[in-house]
Amino acid sequence: MAGLGCCCSFTLSSRSNLWTSSLAIETHQGRKLAGRKNFQRRNLVIKAEVNFVNGEEAKNLIAVEGYAILDVRDVTQYDRAHIKASHHIPLFIENRDNDIGTIVNRTLHNNFSGLFYGLPFTKPNPEFVQSVKSQFSPDSKLLLVCQGGMRSAGAANKLEEAGFENIACISSGLQSVKPGTFDSVGSTELQDAGKAGLVMVQGKISAVVGAVLVCALLFITFFPDQAETLLQMAPTS
């Protein structure tokens with residue numbers, strides 16, 4: 010006898026300005042096998058969507074909803090500044106492998122991104138999901154943070170696949186958070202924790218040069234005679 014099959018799908022979705030979730034239920038009717046009773050299979054599929062929030066909404070999730078803060082940045086950015094009472098499990102760790110390909114790539118990185126932007130040479134943390142599981146249960150409420158928003162989104166995807174159901178991320182990362190939004194620990198502000206290397210030195214030099222030029226313009230504007238005298242005293246080639 011030919012097998013019979015049917016599929017029924019029901020989706021329930023609920024949303025608010027602070028959270029988003031969806032529940033999908035699928036039921037499948039198995040086919041009839043010769044000499045056996047009908048075999049039925051029912052699958053319950055639950056999919057929790059990641060909730061992206063701004064700084065103020067994230068602060069509310071922590072204070073009102075009881076979300077724990079999980080910082081997934083590398084250790085250098087975390088040490089420069091992090092939210093007080095946050096947990097640190099990096100999505101990427103420093104790559105100290107010594108195979109030829111890694112040595113070449115690390116040298117190129119250190120002479121560009123590392124030198125100008127102070128970024129460490131990293132690789133994916135193979136223990137990331139297991140480390141999170143060792144500290145949090147799948148039903149824990151987690152607010153993932155990074156500097157620009159990309160790493161927290163990637164971490165959220167990994168944790169969602171691992172069964173975590175209550176995940177939120179700060180859109181655009183800590184660089185978009187207004188000063189004073191969170192109590193922080195470190196040598197700089199949260200939004201500046203990603204800045205390092207020669208870019209910072211160049212920025213300071215540009216600020217000094219700009220200040221000198223502004224002062225010179227004001228001097229020429231308000232004291233034109235003295236400025237002309239100084240220009241005449243300047244050596245000429």
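Counting the sequence shown from 1 gives a position; the numbering used here is that position plus 9.
Glycine included, each C-beta is placed from N, C-alpha and C at the ideal position.
Counterpart residues of residue i in DSSP-defined beta bridges
| i | result |
| --- | --- |
| E237 | DSSP output for E237 lists no bridge partner at all. |
| N175 | K150 |
| K132 | I102 |
| A202 | BP columns for A202 are empty, so no partner. |
| D80 | H97, V154 |
| F61 | C178 |
| I112 | Answer is none; I112 lacks a bridge partner. |
Within 8 angstroms, strictly: CB atoms of residue i and residue j
| i | j | result |
| --- | --- | --- |
| V194 | H91 | yes |
| A77 | K142 | no |
| C178 | V73 | no |
| V62 | L153 | no |
| I102 | L79 | no |
| P253 | T85 | Residue 253 lies beyond the stretch modelled for the chain, which goes from 10 to 246, so this question has no answer here. |
| L100 | A164 | yes |
| P147 | F173 | yes |
Per-residue burial, residue i [other beta carbons within 10 Å of its own, 16 or more giving buried]
| i | result |
| --- | --- |
| V166 | Sequence inspection shows Asn at residue 166; the Val mentioned does not correspond to that position. Label assigned to N166: exposed. |
| D106 | exposed |
| F232 | exposed |
| S161 | buried |
| D83 | buried |
| Q241 | exposed |
| Q144 | exposed |
Nearest-angstrom Cα separation, counted from residue j out to residue i
| i | j | result |
| --- | --- | --- |
| T131 | G158 | 17 angstroms |
| K112 | A94 | Residue identity check: residue 112 is Ile in the sequence provided, not Lys. Their backbone Cα atoms lie some 36 angstroms apart in a straight line. |
| S181 | L117 | 28 angstroms |
| E170 | C155 | 19 angstroms |
| R115 | N175 | 37 angstroms |
| S140 | K68 | 25 angstroms |
| D192 | L199 | 9 angstroms |
| E65 | T190 | 7 angstroms |
| G110 | N104 | 12 angstroms |
| Q235 | Q184 | 46 angstroms |
| K204 | T238 | 43 angstroms |
| S96 | Y87 | First, the amino acid is wrong: residue 96 is His here, not Ser. Taking the straight line joining both Cα atoms gives about 10 angstroms. |
| G75 | L168 | 18 angstroms |
| P188 | I71 | 17 angstroms |
| R40 | P133 | Note that R40 has pLDDT 44, beneath the 50 cutoff, so the model's placement of it is unreliable and no number is given. |
| D108 | F137 | 23 angstroms |
Residue interval of the beta strand (DSSP E) (run including residue i)
| i | result |
| --- | --- |
| I71 | First-last for I71: 64-72, but that is the alpha helix (DSSP H), not the beta strand (DSSP E). |
| V194 | 193-195 |
Span of the alpha helix (DSSP H) around residue i
| i | result |
| --- | --- |
| G163 | 159-170 |
| F137 | 137-144 |
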